[in-house]
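Here is the structure we will look at, set down as structure tokens.
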Amino acid sequence: MSDVARRFVMEFERPLVDLEEKLESLKHLSVVEGAELAVEIAALEAEVDELRTTLYTSLTPWERVQISRHPERPHTDDYLADVFRDVIELHGDRLYGDDAAMFAGLASLGTRKVAVLGHRKGRNTTENVRYNFGSPHPEGFRKAERVMLLADRFGLPIVTFLDTAGAYPGLEDEDRGQAWAIASCLATLSRVRVPVVTVGIGEGGSGGALAIGFGDRLIMLENAYYSVISPEMCATILHKEPARAAEASGCLQLTAQDLERMGLADEVVPEPLGGAQRDPVTVMGAVGTAVARALDDLGALPADALIASRYERLRAIGEYSSE
Amino acid sequence: MSDVARRFVMEFERPLVDLEEKLESLKHLSVVEGAELAVEIAALEAEVDELRTTLYTSLTPWERVQISRHPERPHTDDYLADVFRDVIELHGDRLYGDDAAMFAGLASLGTRKVAVLGHRKGRNTTENVRYNFGSPHPEGFRKAERVMLLADRFGLPIVTFLDTAGAYPGLEDEDRGQAWAIASCLATLSRVRVPVVTVGIGEGGSGGALAIGFGDRLIMLENAYYSVISPEMCATILHKEPARAAEASGCLQLTAQDLERMGLADEVVPEPLGGAQRDPVTVMGAVGTAVARALDDLGALPADALIASRYERLRAIGEYSSE
Amino acid sequence: MPISDWFRAREQRRYTAPSEPPRGSESLADGVWVRCEGCKRTLYAGDLERGLGVCPSCGRHHQLTADQRIDMLCDPGSFDEIDGDLRSGDPLEFRSGKPYAEAIEAAQDNTGLPEAVLTGRALMGGLPVVVGVMDFRFIGASMGSVVGERIARAFESACDRRVPLVLAIASGGARMQEGMLSLMQMAKTAAAAARLADAGVPYVAILTDPTMGGVTASFATLADVIVAEPGARIGFAGPRLVERTIRRALPKGFQTAESLLGHGMIDLVVERGSLRETVIGLLVCLAAGGE
Amino acid sequence: MPISDWFRAREQRRYTAPSEPPRGSESLADGVWVRCEGCKRTLYAGDLERGLGVCPSCGRHHQLTADQRIDMLCDPGSFDEIDGDLRSGDPLEFRSGKPYAEAIEAAQDNTGLPEAVLTGRALMGGLPVVVGVMDFRFIGASMGSVVGERIARAFESACDRRVPLVLAIASGGARMQEGMLSLMQMAKTAAAAARLADAGVPYVAILTDPTMGGVTASFATLADVIVAEPGARIGFAGPRLVERTIRRALPKGFQTAESLLGHGMIDLVVERGSLRETVIGLLVCLAAGGE
Ligand SMILES: [Zn+2]
Ligand SMILES: [Zn+2]
């Protein structure tokens, strides 16, 4: 508890944190002033426990969005360090640039060699600037596509990690064909003759996530989201009020649970109370296990069956009636 | 003859042009002063005729290089206007830019639909600046490769026109991967499953020409050249004297005749005395006929045989011994 | 048929048989007078209509309705709609802002269309094609399940029948009221486009004003040849978002067809008067090799 | 075998069996002392040699001979040369400057090599590979008929045997003394590279200082993975020509491996000490899927 003050606090955690801080100062007092505060402390501890449980077991979609953005949440780089071995990053799109916001490389997962793609977010300002806060430029998507094709050529399964607020909406990005780069990724990802397993580990923002964000399996962390539009932008469009993002989060049905219910996510990996940042190693281990299991399943399929079933999977998405 | 003065004069034509000008002024005098100069004029005319024939029938390689660069020589745009119909230019590499130095498009040649690629040179300064004097940037080669793949997908034969001093040696061109763009063109051109007919119409400068400059047939205009390096650059490297380009031209064996002798060119299309600029329509007609004939021949081959023979054709190039 | 004859034929068809006005044609000809957003002049609606929605004064290419687009692209009477029975649901029961179910109903009433895209078989210059046209009036021609499904089926129909696909595209992007089901239509249509390309069947896209967001970033830009109308706004991120991101004014011409042509993203910018002819020319070329 | 063990094994091999100095190893160890072009310091040649040609003072990666390169890349004793019998002709009877035939003879005498590239079968970390290494001392490792032929055959050998190809590349470009026969080697090697790629057999290129001109613009950059050594100059046009073209000074780092990494052109910049390990790691990955 001594690190409460240093922890990054999400908006909705404020009442809990206030109570935790009060408890901590009481305990401090208790050390100094003797044991007469014990009863009060015990009561407060019970209150803190109850609030914590209530708060974290009844998370709203908007609260989950905040958890998905938590800076201490495990990011792609953490999975690369913890879940994979022998990681070799591959740089560049061979056309224009190398985009640090998009990781691409080769690695071992258990005894299996795979290609890994993932949006990258930093832990501090320097890293965040370097990774452009996880928002790729066209060259990031083109690098990803290049490595998809490399994986395809050499029969390496592709594992992708989603963690982006979206493709970067810059002026030069538009001029260099952000839409073209994403579209090309989508076409390529739909036709690679190797298994594709996608993991939503944090933010899954729109086309920038989708570019590496579908395949044969979609695994979502409990507090990851995946959405057609950011809640803030949705609220701006609907009400000209970004502050109504909480409401929009609910409407958009963007949580892992929503995706599972809609049949879009195949599996939801649970997180500890409060979010993956509370116990990254356990969460990352569970993700590694889930990915390996998915690859085991998919490895049994011949390539033709694999891409046929990937296509059918996509074709089945959508809700409409025939009059 | 009244346009002698306005004509672009190549260095080696100077003695002839001096004589022609003298003849012209004599004739002018003759009109004014009466017929007493007739004998002198007749003699001079004979001398001019002889010099013209001698000059143009014993062209040195360096003189041919100069003819190949003649600004009034028919350029890719002229062939597009005269030899093809229903030309639809296709712009852009879908990655970075649209390079005017490289034409790419679809067109009719007789009853046949083809894809056309060609370096572009201008007739005046404005055009030359627009076409970067015929030297493509990486995006030009990437556009050409895109259209090669388009032609491949839809079974359209590819006709290419070579007329470049070389790829542009600019700073940003290097940064954007000039070498990568050319290499990728080479790989693609080697494997497209459609006939590829290349016509050397002017300059064939190094890698920038080669990027669209090989295939199943190579047709060379009589005064076109094709070279591993420009004569000037070769002279600079060997002697630090660009002025020794004439000597280098001879050493490099870069003329159409040299290429035919070495088995690299399949056909040399003759030009009128003095060069194609003297009668562009006839020359372009002959090129059109030669291309159509080549396509007729190649059209008979199944695609597998076509690319196998293209590969064998390339594989056979080179001179070496086994000790 | 030369384009001039065809225009004449079209005029005749339109003006000698006025008993049944084409579905949704009211948009441009709502009143007798309309205002051009390009030059701000007031135009006689009939003039604009006859000029295929191109302002006779400034040349601005106004949006066309789906029916007007079919009329200008396809051989007269050749369009045969497919999948016209598909209707959007309200899978998220989206209630924020205008309830989605109401928005659909209003769009249907306003346009006379079932959804933001019409797809069908048709002839263009006598060539059999599969054609799809989008109508921006229908919830900004955003891509929900029905748009995605009809587009995917159009790709599949072109693939199965081995006839070229022509799509006249306009869209504000994904349809957020369908949430992730909408986003995934991008992957679905892109996958269908990839299959068509692998089958070697031509696909020509006509990008019209505006083509933005998830549609640009999926099937719209996966065409073999991309043609755009003059002045059409084409991009991924909305211009206001870009402006907020870069914190300075956008340059003139940003995200226009002409600017993107310069940036190598599209093949051709073609005026509406030559569009049909150009597309037919492209189809004739691309279909020639398969013979 | 970990790289440290391998270095030890290599040391032992070199120093316990000195009877036959490796072909061409004189270049770096010509005298007892050599001057580093990076830091201008005078180094003990043995130190430079033991450090794989990397300056212990400034880290500059000096050029290696073909034999040194084979030693540092391949498992000891595993290199088995192929096509070593090919010799250049003088097809153009090129006499301008130093006569070509004399230049070849001088290069052969100077290097002990038959041509600017050695190709062969080898093992890397126990994996069978086809390997090719270029030696800049041989007429600037320019690509004439023999270099093109040996490279093309290396691609074909890798393809036929379905084992990965590793090329350690250095070159000034095309060999102008062979004229168009030289230029066409670009197309020939690129075509061979395309076949290998289509066959799904891995090809890793190691770009070393310098890799320029026609070699960069053909097989060198068509690799599945492009690794470069630190500081290696890599490009198409020579820097002096670029400088003359743009009429201003070149920026620091222009055409270096590091700059090109930033421009997205190469996958990795790897120090020589880790190079073998990295390439083996890549081969293990790329070969894994085929199993
Ligand atoms: Zn107007
Ligand atoms: Zn040094």
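Protein chains in written order, with this note's numbering: chain A, 18 to 340; chain B, 18 to 340; chain C, 39 to 329; chain D, 39 to 329. All C-beta atoms in this analysis are idealised placements derived from N, C-alpha and C, irrespective of residue type, glycine included. What you are looking at is a predicted structure, and each value in this text was computed from that prediction instead of being measured.
Euclidean distance between Cα positions of residue i and residue j
{"i": "R188(C)", "j": "R271(D)", "result": "53 Å"}
{"i": "S116(C)", "j": "V167(C)", "result": "10 Å"}
{"i": "G251(D)", "j": "I177(D)", "result": "14 Å"}
{"i": "L156(D)", "j": "R193(A)", "result": "42 Å"}
{"i": "G316(B)", "j": "G109(A)", "result": "40 Å"}
{"i": "F132(C)", "j": "M218(C)", "result": "12 Å"}
{"i": "L161(C)", "j": "I108(C)", "result": "11 Å"}
{"i": "C323(D)", "j": "V131(A)", "result": "8 Å"}
{"i": "V209(A)", "j": "G187(A)", "result": "30 Å"}
{"i": "G62(D)", "j": "M172(D)", "result": "Because G62(D) carries a pLDDT of 42, less than 50, the predicted location of this residue cannot be relied on, and the following value inherits that uncertainty. For G62(D) and M172(D), the distance between alpha carbons rounds to 12 Å."}
{"i": "C268(B)", "j": "S125(B)", "result": "39 Å"}
{"i": "N240(B)", "j": "D94(B)", "result": "18 Å"}
{"i": "T128(B)", "j": "I264(C)", "result": "25 Å"}
{"i": "A309(B)", "j": "T299(B)", "result": "15 Å"}
{"i": "K138(A)", "j": "D115(A)", "result": "16 Å"}
{"i": "P114(D)", "j": "V70(D)", "result": "26 Å"}
{"i": "P137(D)", "j": "V82(B)", "result": "23 Å"}
{"i": "R314(D)", "j": "M110(D)", "result": "7 Å"}
{"i": "T254(D)", "j": "F274(D)", "result": "6 Å"}
{"i": "V285(A)", "j": "I236(A)", "result": "6 Å"}
{"i": "G164(C)", "j": "V201(C)", "result": "12 Å"}
{"i": "T294(D)", "j": "S134(C)", "result": "55 Å"}
Residue i at chain C interface by Cβ criterion, 8 Å
{"i": "I229(B)", "result": "no"}
{"i": "M279(A)", "result": "yes"}
{"i": "E28(B)", "result": "no"}
{"i": "E144(B)", "result": "no"}
{"i": "L331(A)", "result": "yes"}
Nearest-angstrom Cβ-Cβ length linking residue i and residue j, presumed shorter than 8 Å
{"i": "L346(B)", "j": "I229(B)", "result": "This structure leaves residue 346(B) out entirely; chain B is present only between 18 and 340."}
{"i": "A200(A)", "j": "L260(C)", "result": "5 Å"}
{"i": "A273(A)", "j": "L227(A)", "result": "Rounded, the Cβ-Cβ distance is 16 Å, inconsistent with contact."}
{"i": "R31(B)", "j": "E220(B)", "result": "About 22 Å separates the two Cβ atoms, so there is no contact after all."}
{"i": "R213(D)", "j": "D121(D)", "result": "Between D121(D) and R213(D) the Cβ distance is about 17 Å, and since that is not below 8 Å, they are no contact."}
{"i": "I175(B)", "j": "L320(C)", "result": "I175(B) to L320(C), Cβ: 17 Å. No contact."}
Below-8 Å beta-carbon distance, residue i vs any chain D residue
{"i": "Q270(B)", "result": "yes"}
{"i": "A320(A)", "result": "no"}
{"i": "L123(A)", "result": "yes"}
{"i": "E220(B)", "result": "no"}
{"i": "R208(B)", "result": "yes"}
Contact with chain B by residue i, beta-carbon distance below 8 Å
{"i": "G84(C)", "result": "no"}
{"i": "G150(D)", "result": "no"}
{"i": "L102(C)", "result": "no"}
Residue-level contact to chain A via CB, residue i, 8 Å cutoff
{"i": "E314(C)", "result": "Checking the displayed sequence, the identity of residue 314(C) turns out to be Arg instead of Glu. No, no contact with chain A."}
{"i": "D262(D)", "result": "yes"}
Using a Cβ cut-off of 8 Å, which residues of the segment 176 to 204 of chain B contact any Cβ in chain D, in chain order? A184, Y185, P186, G187, L188, D190, E191, D192, R193, G194, Q195, A196, W197, I199, A200, S201, L203 and A204
Between the segment 103 to 117 of chain B and chain A, which residues of the former have a C-beta closer than 8 Å to a C-beta of the latter? R111, L112 and Y113
Which residues, in order along the segment 281 to 311 of chain D, keep a beta-carbon less than 7 Å from a beta-carbon of chain A? L299, G300, H301, G302, M303, I304, D305 and L306
Along the segment 162 to 175 of chain B, what residues have a CB closer than 7 Å to any CB found in chain C? L167, R170, F171, G172 and L173
For the segment 133 to 145 of chain D, which residues have a beta carbon sitting closer than 8 Å to at least one beta carbon of chain B? Only R133, S134 and G135 from the segment 133 to 145 of chain D bring a Cβ to less than 8 Å from some Cβ of chain B.
Residues of the segment 245 to 258 of chain A with Cβ closer than 9 Å to any Cβ of chain C, in chain order: V245, I246, M250, C251, A252, I254, L255 and H256
Environment of ligand 2 in chain order, Cβ to heavy atom below 5 Å: C74(D), G76(D), C77(D), C93(D), S95(D), C96(D) and R98(D)
Any residues in the segment 61 to 82 of chain A with a beta carbon nearer than 8 Å to a beta carbon of chain D? Which ones, in chain order? Listed in sequence order: no entries.
Taking only beta carbons into account, state which residues of the segment 223 to 253 of chain D come closer than 8 Å to chain A, listed in chain order. Residues passing the 8 Å Cβ filter: A235, G238 and P240.
In the segment 107 to 126 of chain C, which residues sit with their C-beta less than 7 Å from some C-beta in chain A, listed in chain order? D123, L124, R125 and S126
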